[in-house]
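A short write-up of the structure that comes next.
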Amino acid sequence: MSDLVRFGVSLERDLLAAFDELSQERGFTNRSEALRHALRRELAEKITSAPDAPVAGVLTLVYDHHENDLPGRLTALQHEAHGMVIASLHVHMDEHHCLETLALRGPCAEVTRLADRLRSSRGVLQSSCSLTAIEAAPEHHFTHVREARP
Ligand code: NI
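Going by our numbering, the sequence shown opens with residue 24, and the numbers climb by one from there.
See below:
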């Protein structure tokens, strides 16, 4: 901790209040410590496989479908990368919020890039992504996997 940096962050008041409440519940002594922990956990999600190594996993997004064409943008990104989105589940949670879960498969760098583009889309409220390296199996092994229908 010899090279500390201070920086300013803008965020909604209720989001900060919720973060502070959670931090207190979890026993963090101050906001900085809680934020360090959250950032480390975020960094730990980054998968370290080689760019071409096959990975598979699940991306979950929560968003408000009234947000400026967000559903259209998310759908367009998925269609552009249709080979990597092998299944999807969309749940209308309430009048505003959608929960979307995508099963992804493909080369690590491309799947990671797709997941990052989707979860960083403006208006996405929450996301989680869990990717895992899979066996670099011969091509024909994949024919046993049922593809999502268009
Ligand atoms: Ni919906």
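Backbone N, C-alpha and C fix where the C-beta goes; we use that ideal spot for every residue, glycine too.
By DSSP, does His164 sit in helix, in strand, or in coil? Bear in mind that a pLDDT of 48 at His164, under 50, signals an unreliable position, so the number given afterwards is only what the model happens to contain. Three-state DSSP puts His164 in a helix.
Supposed contact pair Gly80 and Cys152 - C-beta distance, whole angstroms, cut 8 Å: 7 Å
Consult DSSP for His115 and reduce its assignment to one of helix, strand or coil. strand
Under 8 Å between C-beta atoms of Thr83 and Ser150: yes
Report the option in Leu154, Arg29, Gly146 whose CA atom is closest to the CA atom of Glu90. Gly146
Please tell me whether, using a cut-off of 7 Å, the distance from the CB of His115 to the nearest non-hydrogen atom of ligand 1 is below it. yes
Using 8 Å as the cut-off, can you tell me whether the stretch 112 to 124 makes contact with the stretch 46 to 57, which would need three or more C-beta pairs spanning the two stretches below that distance? no
I need the boundaries of the beta strand (DSSP E) containing Pro130, first residue and last residue. 120 to 130
Rounded straight-line distance, which links the Cα of Glu35 to that of Leu100: 27 Å
Would you check whether ligand 1 has a heavy atom nearer than 7 Å to the C-beta of His89? no
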